[in-house]
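In what follows, a single structure is set out as structure tokens and then discussed.
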Amino acid sequence: MNTYERLKNQFTVSISQPLQFEKEDYGSFYLSGSWSDYWAGEHSRSEYNVGYSKGFSWGSAGITVQRTWNEYGDKDDAMYINFSIPLSNLFWWYLPPFRFYQP
115 MNTYERLKNQ FTVSISQPLQ FEKEDYGSFY LSGSWSDYWA GEHSRSEYNV
165 GYSKGFSWGS AGITVQRTWN EYGDKDDAMY INFSIPLSNL FWWYLPPFRF
215 YQP
């Protein structure tokens, strides 16, 4: 087992804020950060995320931007785009409505 895989300490902070104005929903904003160190050596890892998501009549959409530093100090940036659409919205012409019956 690589000694860098043996987690010693981890600290995570997350903040989320709904964006509403006069009963109008403008989505949600969030910010998170994480710091970890390991039993071997003086190295640590850090990760920061900023994101936005919004619900729509057809489902929801979101975007996240991430910055990560590994135990060697190498930086990596990523962007994620997410769409969530219920199958009933995609196949409305094919799927019958779900019903629950009691005997």
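Counting from 1, position 102 in the sequence shown corresponds to residue 216 in this note's numbering; the numbering is continuous, with no gaps. The beta-carbon is built from N, C-alpha and C at its ideal position, and this holds for glycine as well.
Spatial distance of residue i from residue j (CA atoms)
i: PRO132; j: GLY141; result: 6 Å
i: ASP139; j: TRP172; result: 15 Å
i: THR126; j: ASN184; result: 16 Å
i: SER198; j: LYS122; result: 36 Å
i: HIS157; j: ALA192; result: 22 Å
i: LYS189; j: THR178; result: 17 Å
Distance between beta carbons of residue j and residue i, contact taken as under 8 Å
i: GLY176; j: GLY165; result: 6 Å
i: ARG181; j: TYR162; result: 5 Å
i: GLN124; j: SER148; result: 7 Å
Where residue i sits in the DSSP three-state scheme
i: GLN134; result: strand
i: SER202; result: helix
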